[in-house]
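Q: Quick one: structure below, then a few questions.
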C-alpha cells in the first residue's frame, strides 16, 4: 500500500544542524561525500512520506528496523554540510516522549501502539544505546509550535520567506539559517540577559538544553530553523508578517536595558501568537 504523495506534512517545526564532512568519522564521511554528489537528494516531504509508509501496516512500525542512510544537504560558504536524518533514533526518542509526556489515556495509546509493540521497541532502543551511548539526533522536532527558545539562535536578517503558489501545488516556506558560531553567541547572550533579569524558569532551562545540544556538533556547522508543516496551519498573510526572531531579540534587548515593561509586552505578544497556533490542535 502506498502513501498519497499529495499528503500534507504534519504540523511540526524542525531545528536542524548540518555538519561539514570533516565532522564525520570514516567510513561515514565517505558515504556522505558520495551522497552529497547525487544529482538530487531527498527533501523534507520525502522523509515524511517514508515515515508515514511505516505507519500503514498493522501493527504499525513506529521505529524503522534499520537506520536511514539519508540526509539533508546544504552549503555553507561553499562547503558541503549534511544533516543526517537518523530516523530510527528520532523514532525512539519521539515514542519515549509520547509515552512519557503526551498524557494520552492508556486505552488510546494501546490502540495506537499495542503494548507488545512498545515493549519490543523499547528493548531494541536499550540494546542500541549500550553500543551507542553518546548518540544524539541532528534534528529536533516540535509539534504545533516553534519553541520561543529556538528563535534566540537567529537574527531577523537570516529569515527566508518564500510565498506559496497554490496553482503549482507549492507550499510557502519560512526558515532561518545561521552559523554555529552565531547561534552559540546569541544563545550565550540570551542566557545572560535572562539570568540577570528574571528568575530561572522554563525559557532559561530550555536555552540551557539547546546549548548543551549544540555543543555536541562541529563549530563550523550550519543551524536551521524550519517552520515545516506549520505553514499549512497558519494563514499565509500571517506567515509573511511573522518576525518572531526579531521579536525575541527585541524582548532580550529590553531585558538587557532594564526595560521590564517592554520585555513583558513583547513576550505577551509572542506567547499569544503561538498559543493561537497550538490551540488549532484541538480544532475540529
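Residue numbers (the UniProt record's numbering): 1 to 284. Yeah, the Cβ is synthetic: ideal placement off N, Cα and C, and Gly gets one too.
If contact is defined by three or more beta carbon pairs under 8 Å, each pair taking one atom from either stretch, is the region 256-271 in contact with the region 122-131?
A: Touching, no, given that fewer than three Cβ pairs across the two stretches are closer than 8 Å.
Q: Look up residue 72 in the DSSP assignment and say whether it is helix, strand or coil.
A: Strand.
Q: Can you name, in chain order, every residue of its own chain whose Cβ lies under 8 Å from the Cβ of residue 269, other than the five neighbours on each side?
A: Excluding residues within five positions, the ones whose Cβ falls inside 8 Å are 247.
Q: If the criterion is Cβ atoms closer than 7 Å, does the pair residue 17 and residue 217 meet it?
A: In contact: residue 17 and residue 217 (Cβ atoms closer than 7 Å).
Q: Considering only residues of the same chain and omitting the five flanking positions on each side of residue 264, which have a CB-CB separation below 7 Å?
A: Cβ neighbours of residue 264 beyond the five flanking positions: none.
Q: Residues in the same chain with beta-carbon distance under 8 Å from residue 12, minus the five sequence neighbours each way, listed in chain order, please.
A: If we look at residue 12 and ignore the five residues flanking it on each side, its Cβ neighbours are 141, 142, 143, 144, 228, 229 and 230.
Q: Round the Cβ separation of residue 71 and residue 83 to the nearest angstrom and send it over; I've been treating them as touching at under 8 Å.
A: The Cβ separation is near 6 Å, so the contact holds.
Q: Within 10 angstroms of the Cβ of residue 167, are there 16 or more other Cβ atoms? Answer buried if so, exposed if not.
A: With fewer than 16 Cβ atoms within 10 Å of its Cβ, residue 167 is classed as exposed.
Q: What distance in whole Å lies between the Cβ atoms of residue 87 and residue 64, which are believed to be in contact at a cut-off of 8 Å?
A: So it is a contact: roughly 5 Å between Cβ atoms.
Q: To the nearest whole angstrom, what separates the beta carbons of residue 249 and residue 176, a pair I think is in contact under 8 Å?
A: Actually they are not in contact, since the Cβ atoms of residue 249 and residue 176 sit about 12 Å apart, beyond 8 Å.
Q: Between the alpha carbons of residue 155 and residue 164, how many angstroms are there, rounded?
A: Approximately 23 Å, taken between the alpha carbons.
Q: Would you mind stating whether residue 226 and residue 14 have Cβ atoms separated by less than 7 Å?
A: Closer than 7 Å, so yes.
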